[in-house]
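Residue numbers (my numbering): 445 to 1072.
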């Protein structure tokens, strides 16, 4: 009796489940039903044009070109003349079997890419005989084209969707293309558009008999939206030329908007290298180059000691915390002694010996002693170094340092701005301002990226605020109105404290370390930096060529450009970074380089540091100490 009851119960339960499933499919999901998994339905995708990309002046940066992919749906494939098919595709039988196995592993009932980006001449021969190879068909695709061979790090590239993502995605199929880096990745959903779908009904002989349900589920493709970048491609190309034969990063920002005018990493590569059938081969070369790292965006990812430009930060904090004022002076005796031992002495090259040095002169001449005294006063204020250090970091962080800035590019690096807790742990609570005095001159544990330094400079140019840097200016006809990029970020430094810093930065180019890089008719405000560079080779500490740094903005009133230039192993900031900066400023503001500065341009274009880099093929541990 119990067995009979159990049997009836199970039959009834199965009936209810069956009825419930029918109700779900026919009533609840009838409007949203996707027939893609129906064995009697063949799906054809209609791919849209990807959005075009332009620079701020309307110059075309990224366009489209037609490509042909050979597709396969394994469950439809019938015995074929494999050798003839391989000959048409210019592959061998072993390659054929590997590709087919990969397609089967992905899904037997779904189409996937068998051979991507078939050459046009090969496509013509294949098209004539394609009817002989059931289960194989041609899919037209849109691939990228880069008319201007520059800004590869900004533009990024597109590549195939991998198997794992295709399996998890509701949109992508294996072998389809998506943005992999740069704006192609960041703005993928905008640039890609939406592909169209056509569902075709098949009979029991697997032949198409017409549209599935009269095309009620078919959708039309929607082309991707165009992007206008804030990038000035002429400035970008020029900066890349100036960085030829050098390594480093350049970031230029429009202070009044936060728009990124140039984002240079050196060395770089032609973005067309990652287009077409040679993309895989070229990508291996680019991404496996661990020496020059052309695919590594130094402007966004390289964390360097900021060197002397950071002195302006300590000056601003010193003014805000009222430990110094414009009239405060310190004497320099060739450096700053921070301990009783012989080596506990920081050298200085300001060449002002034994005389009082005030703030303006200290910045113009880059006096290490002045800023060591200032930093010590900041940290040891109220005789509580840990609390003083936390307060110092609060001010630094308000300029966007020590964290991601929030710009609209996928690559980023936080850098390092230490606080009191950092040194409490590291130095076991036994420390004071003298213990970490290298921070006074932008060395020690401080690490920043070129874009952070450029943003810091933009905040000075604006006298106390900045806009989050961003690369996209407009989507189709709509300008960016995201409050993240349109609302200013106010620093913790009062506006009045920026005036003496701006005047001092102007003095750098009038009579200070940048005086030989002046541009007639343009008031440039800046600060040079030279970070000493030590390496450990076979257990022995050796000094290599210094890193060359400069931050600047121009003009002094109503600034149009703020930038940071970092040249690895470039020597003094005044030697390479300063002339490159002045050339970029002149190029952007005046549109050309004057005859009187052509010699400077020629020197920078022809200057190569490759011999220095060749000596450093090993990967030594860098130990930064000291600056000029």
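Just so it is clear, CB atoms sit at the ideal spot from N, CA and C, and this is done for glycine as well.
Q | Any beta strand (DSSP E) of 3 or more consecutive residues that is wholly inside the segment 571 to 599 | A | List check, beta strand (DSSP E) in window: 580 to 589.
(Q) For residue 762, report the span of its alpha helix (DSSP H) as first-last. (A) Secondary structure note for residue 762: its alpha helix (DSSP H) is the uninterrupted segment 755 to 764.
Q: Tell me residue 508's beta-bridge partners as DSSP assigns them.
A: In DSSP, residue 508 forms a bridge with 588.
Q. Fully enclosed by the segment 689 to 773, which beta strand (DSSP E) runs are 3 residues long or longer?
A. Runs found: 692 to 698 and 703 to 710.
Q: Round the Cβ separation of residue 1006 and residue 807 to the nearest angstrom and send it over; I've been treating them as touching at under 8 Å.
A: In this structure, residue 1006 and residue 807 do not form a Cβ contact; the two beta carbons are roughly 17 Å apart against a cut-off of 8 Å.
Q: Identify which residue in 857, 529, 861 and 963 has its Cα closest to the Cα of residue 570.
A: The candidate whose alpha carbon is nearest that of residue 570 is 529.
Q) How many angstroms separate the CA atom of residue 761 from the CA atom of residue 910? A) Computed Cα separation, rounded: 17 Å.
Q: Give me the Cα-Cα distance between residue 689 and residue 586, rounded to the nearest whole angstrom.
A: Their Cα atoms are separated by approximately 35 Å.
Q: Taking only the alpha-carbon atoms, compute the straight-line gap between residue 962 and residue 624 and give it to the nearest angstrom.
A: If I take the Cα positions, the gap works out to 41 Å.
Q: Please state whether DSSP places residue 839 in a helix, a strand or coil.
A: Residue 839: helix per DSSP, three-state reduction.
Q. With a Cβ-Cβ cutoff of 7 Å, do residue 642 and residue 662 count as a contact?
A. Cβ distance < 7 Å, so residue 642 and residue 662 count as in contact.
Q) Tell me, which residues are paired with residue 996 by DSSP? A) The partner list for residue 996 (beta bridge, DSSP) reads 970 and 1007.
Q) Assuming residue 971 contacts residue 790 under a Cβ cut-off of 8 Å, what Cβ separation, rounded to an integer in Å, is found between them? A) About 18 Å separates the two Cβ atoms, so there is no contact after all.
Q. Who are residue 487's beta bridge partners in DSSP?
A. 643.
(Q) Does the structure place the segment 1009 to 1025 close enough to the segment 913 to 927 that three or more beta carbon pairs sit under 8 Å? (A) The segment 913 to 927 makes no contact with the segment 1009 to 1025; the number of CB pairs closer than 8 Å stays below 3.
Q: Would you kindly report the start and end of the unbroken alpha helix (DSSP H) that includes residue 540?
A: Looking at the DSSP string, the run of the alpha helix (DSSP H) that includes residue 540 is 537 to 550.
(Q) Between which two residues does the alpha helix (DSSP H) holding residue 929 run? (A) Element bounds for residue 929: 927 to 930.
Q) Where residue 473 and residue 484 are concerned, what is the direct C-alpha to C-alpha distance, given to the nearest angstrom? A) Bear in mind that a pLDDT of 48 at residue 473, under 50, signals an unreliable position, so the number given afterwards is only what the model happens to contain. Taking the CA atoms as reference points, residue 473 sits about 19 Å from residue 484.
Q) Considering only C-alpha positions, which residue in the set 612, 664, 671 and 960 is nearest to residue 635? A) Cα-wise, what sits closest to residue 635 is 671.
Q: Please confirm if the segment 878 to 894 is in contact with the segment 781 to 801, defined as three or more CB-CB distances below 8 Å between the two stretches.
A: Contact holds: three or more Cβ-Cβ distances are below 8 Å.
Q: Going by DSSP, name the residue or residues bridged to residue 910.
A: According to DSSP, which records beta bridges pairwise, residue 910 is partnered with 933.
Q | DSSP beta-bridge partners of residue 800 | A | Under the DSSP definition of a beta bridge, residue 800 partners with 775.
Q. Among the residues of its own chain, which have a CB less than 6 Å from the CB of residue 905, if the five just before and after it don't count?
A. Listed in chain order, the non-local C-beta contacts of residue 905 below 6 Å within the same chain comprise 699, 997, 1003 and 1006, local neighbours out to five positions each way being set aside.
Q | Reduced DSSP category for residue 629 - H, G, I as helix; E, B as strand; rest coil | A | The answer is helix: DSSP assigns residue 629 an H, G or I state.
Q: Kindly give me the distance between the Cβ atoms of residue 822 and residue 767, rounded to whole angstroms, as I take these residues to be in contact under 8 Å.
A: Right, their Cβ atoms sit about 6 Å apart.
**Q.** N- and C-terminal bounds of the alpha helix (DSSP H) containing residue 681
**A.** Note, residue 681: alpha helix (DSSP H), 677 to 686.
**Q.** Spatial distance of residue 707 from residue 598 (CA atoms)
**A.** Each residue's Cα considered, the two are about 7 Å apart.
**Q.** CA-to-CA distance, residue 753 to residue 794, given in whole angstroms
**A.** Cα-Cα distance, rounded: 15 Å.
Q) Rounded to whole angstroms, how far is the Cβ of residue 769 from the Cβ of residue 815, which I believe are closer than 8 Å? A) Between residue 815 and residue 769 the Cβ distance is about 15 Å, and since that is not below 8 Å, they are no contact.
Q: Verify whether the separation of the beta carbon atoms of residue 615 and residue 605 is less than 7 Å.
A: For residue 615 and residue 605, no; Cβs fall outside 7 Å.
Q: Below 8 Å on the Cβ atoms is my guess for residue 595 versus residue 505; work out the distance and round it to an integer in Å.
A: With 8 Å as the limit, residue 595 and residue 505 qualify as a contact, their Cβ atoms being about 7 Å apart.
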